[in-house]
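Residue numbers (our numbering): 269 to 466.
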Ligand SMILES: CC(C)(COP(=O)(O)OP(=O)(O)OC[C@H]1O[C@@H](n2cnc3c(N)ncnc32)[C@H](O)[C@@H]1OP(=O)(O)O)[C@@H](O)C(=O)NCCC(=O)NCCS
């Protein structure tokens with residue numbers, strides 16, 4: 269069974285690994301190969317650990333975790349599954365860094381390849397929407413690289429493109445789009461039927 273729960277500091281290593289794996293898969297052909305090869309799971313983990321501990325500006329992280337018994341054949345971890353479960357995906361967000369677009373922001377959402385298209389992304393978005401709603405944020409947005417195929421996932425959940433901008437990654441200027449849910453309840457409605465974390 270896949271559990272969605274608030275992230276703990278000890279989940280940061282798993283989040284760092286999932287981050288790097290998802291970037292290499294999602295951004296191949298968009299970002300330079302050398303840049304993707306040099307991503308460091310440890311560096312990302314340190315950054316997620318600071319975010320989990322700090323909880324600044326309404327920041328929260330939710331993880332999707334599985335136990336060893338839930339892993340499909342061929343994907344069993346080579347080492348013992350960590351006590352809190354293996355992190356297969358996560359979402360982070362909080363109050364917006366761009367309040368002129370929306371009051372809240374979903375900052376990251378990443379799943380390991382083997383765990384996609386079974387509803388986990390939707391459940392993580394629901395957990396984040398419930399959190400942002402509890403913070404009394406009226407609306408929420410997410411930045412997505414325009415060439416990222418996963419943009420359709422957010423559109424499927426009702427996100428509407430409201431802004432476009434350039435972001436510098438790996439020395440390149442890349443086009444990104446902001447997708448908005450206004451009110452934030454529309455994201456709760458689009459993800460209804462999936463269980464929120466306890
Ligand atoms: C985007 C992502 C989190 C989606 O998670 P997921 O668990 O695979 O998605 P779900 O199974 O919850 O899908 C929810 C809905 O979106 C649709 N969907 C998911 N990915 C899609 C895609 N790439 N294109 C079109 N529709 C998609 C599903 O069909 C489903 O719709 P339905 O149930 O109404 O038929 C996952 O694919 C991922 O981690 N991608 C790589 C990292 C990334 O790009 N993250 C976003 C950075 S901003």
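Yeah, the Cβ is synthetic: ideal placement off N, Cα and C, and Gly gets one too.
In this text the structure is predicted, and so the values were computed from the model without any measurement.
_Which complete alpha helix (DSSP H) runs does the region 352 to 422 hold, if anything under 4 residues is left out?_
Here the runs fully enclosed are 388 to 402.
*What are the boundary residues of the beta strand (DSSP E) that includes residue 446?*
Here residue 446 corresponds to residue number 178 of the chain shown, with the count starting at 1. Per DSSP, residue 446 belongs to the beta strand (DSSP E) from 440 to 449.
_Excluding the 5 residues flanking residue 466 on each side, which residues of the same chain have their C-beta closer than 8 Å to its C-beta?_
Working through the chain shown from its first residue, we reach residue 466 at position 198. With a pLDDT of 43 at residue 466, under the threshold of 50, the predicted position of this residue should be treated as unreliable, and no value is reported.
*Could you tell me which of 416, 360 and 407 sits nearest to residue 391, measuring between CA atoms?*
Here residue 391 refers to the residue found at position 123 of the chain shown. For the residues 416, 360 and 407, the minimum Cα distance to residue 391 belongs to 360.
*Examine the Cβ distances between the region 379 to 398 and the region 307 to 320 and report whether three or more of them are shorter than 8 Å.*
Judged by pairs of C-beta atoms under 8 Å, the region 379 to 398 does not touch the region 307 to 320, as fewer than three such pairs exist.
*Can you give me the Cβ contacts of residue 380 inside the same chain, cut-off strictly under 6 Å, excluding the 5 residues immediately before and after it?*
Here residue 380 corresponds to residue number 112 of the chain shown, with the count starting at 1. Only 286, 289 and 356 meet the Cβ criterion.
*DSSP puts residue 331 in a beta bridge; with which residues?*
Locating residue 331 in the chain shown gives position 63, where the first residue counts as 1. According to DSSP, which records beta bridges pairwise, residue 331 is partnered with 273 and 358.
*Examine ligand 1 and report whether any of its heavy atoms sits within less than 7 Å of the Cβ of residue 424.*
Looking up residue 424 in the chain shown gives position 156. Residue 424 Cβ: within cutoff of ligand 1.
*Cα separation between residue 431 and residue 271?*
As a working mapping, residue 431 is identified with position 163 in the chain shown. As a working mapping, residue 271 is identified with position 3 in the chain shown. The alpha-carbon atoms of residue 431 and residue 271 are separated by roughly 33 Å.
*Secondary structure at residue 433, three-state DSSP: helix, strand or coil?*
Translated into positions along the chain shown, residue 433 becomes position 165. If DSSP states are grouped into helix, strand and coil, residue 433 belongs with the strands.
*With DSSP as the reference, label residue 466 as helix, strand or coil.*
Taking the first residue of the chain shown as position 1, residue 466 is located at position 198. The predicted model places residue 466 with a pLDDT of 43, which falls under 50 and marks its position as unreliable, so this point remains unresolved.
*Going by CA-CA distance only, name the one from 295, 277, 403 and 283 that's closest to residue 443.*
In the chain shown, the residue the question calls residue 443 occupies position 175. Closest option to residue 443, Cα to Cα, is 295.
*asked:* Suppose you measure from the CA of residue 284 to the CA of residue 368; what does that come to, to the nearest Å?
replied: Here residue 284 refers to the residue found at position 16 of the chain shown. Here residue 368 refers to the residue found at position 100 of the chain shown. Roughly 30 Å between the two C-alpha positions.
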